[in-house]
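Numbering-wise (the UniProt record's numbering), the sequence shown opens with residue 1 and increments by one. Quick reminder that beta carbons are idealized off the backbone N, C-alpha and C, glycines included. All figures in this text were calculated on a predicted structure; none of them were measured in a lab. Here's the structure, in structure tokens; my notes come after.
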Amino acid sequence: MAKPDTRTAGRKPTAKSPRSAAETEKIRAALAARRDELRAEYDHTLSEITELQRDRLTDSAGDDPADTGARTFEREQEISLANNILERITQVERALERLDEGGYGWCERCGNPIPVERLAAFPSATLCVTCKQLEERR
């Protein structure tokens, strides 16, 4: 019975199967379209926040502390939503960079391929399922 080769354990594989130019462009187009969607959503969210903020400033006379607290809570939720969208934009942009560098579809931690199903569900994934599960347990 052969022993496993411990010299290569934990190393990133050096031979990655190349994608065709058509596959790469299809992925790039999908990621760019998603980035553009998210940017439009972010711009829309910012304009809504600005409009709501303007309405709150003109309509706050006579508010009691509960009304002020509720408005503050709503504003914080809106800002959190905008920040979440911005984070997703950053993830997609990073995926585009990885595509250009040849690392798209490969786990950043272990170097194994990320399953196509995972990339279809979450195109900006940077970790395989196993590494993501380990990360979430920490």
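1. Compute the beta-carbon to beta-carbon distance between Arg28 and Leu119, rounded to the nearest angstrom, for a pair I have assumed lies under 8 Å.
2. Using the Cβ count rule (16 or more neighbours within 10 Å means buried), how would you classify Leu134?
3. Could you check if residue 146 is buried or exposed, using at least 16 other CB atoms within 10 Å of its CB as the buried criterion?
4. Look at the alpha carbon of Thr8 and the alpha carbon of Glu74, and state the distance between them as a whole number of angstroms.
5. Ignoring anything shorter than 4 residues or poking outside the segment 38-107, list the alpha helix (DSSP H) runs there in chain order.
6. Of the choices Leu96, Cys131, Leu127, Lys132, whose alpha-carbon is the least far from that of residue 149?
7. Nearest to Arg88 by alpha carbon, out of Glu23, Ser124, Ala30?
8. Drop a sphere of 10 angstroms on the beta-carbon of Arg54, count the other beta-carbons inside from all chains shown, and report buried for 16 or more, exposed for fewer.
9. If I'm right that Gln82 touches Leu46 with Cβ under 8 Å, what's the distance once you round it to whole angstroms?
Judging by the given coordinates:
1. So it is not a contact: roughly 13 Å between Cβ atoms.
2. exposed
3. Examination of residue 146 is not possible in this model, given that the chain is present from 1 through 138 alone.
4. For Thr8, the predicted model reports a pLDDT of 37, less than 50, meaning its position is unreliable; a value from the coordinates is still stated below. So the alpha carbons of these two residues sit roughly 53 Å apart.
5. 65-101
6. Nothing about residue 149 can be reported from this structure: the residues present for the chain run from 1 to 138 only.
7. Ser124
8. exposed
9. Contrary to the premise, residue 82 reads as Ala rather than Gln in this sequence. Between Leu46 and Ala82 the Cβ distance is about 6 Å, and since that is below 8 Å, they are a contact.
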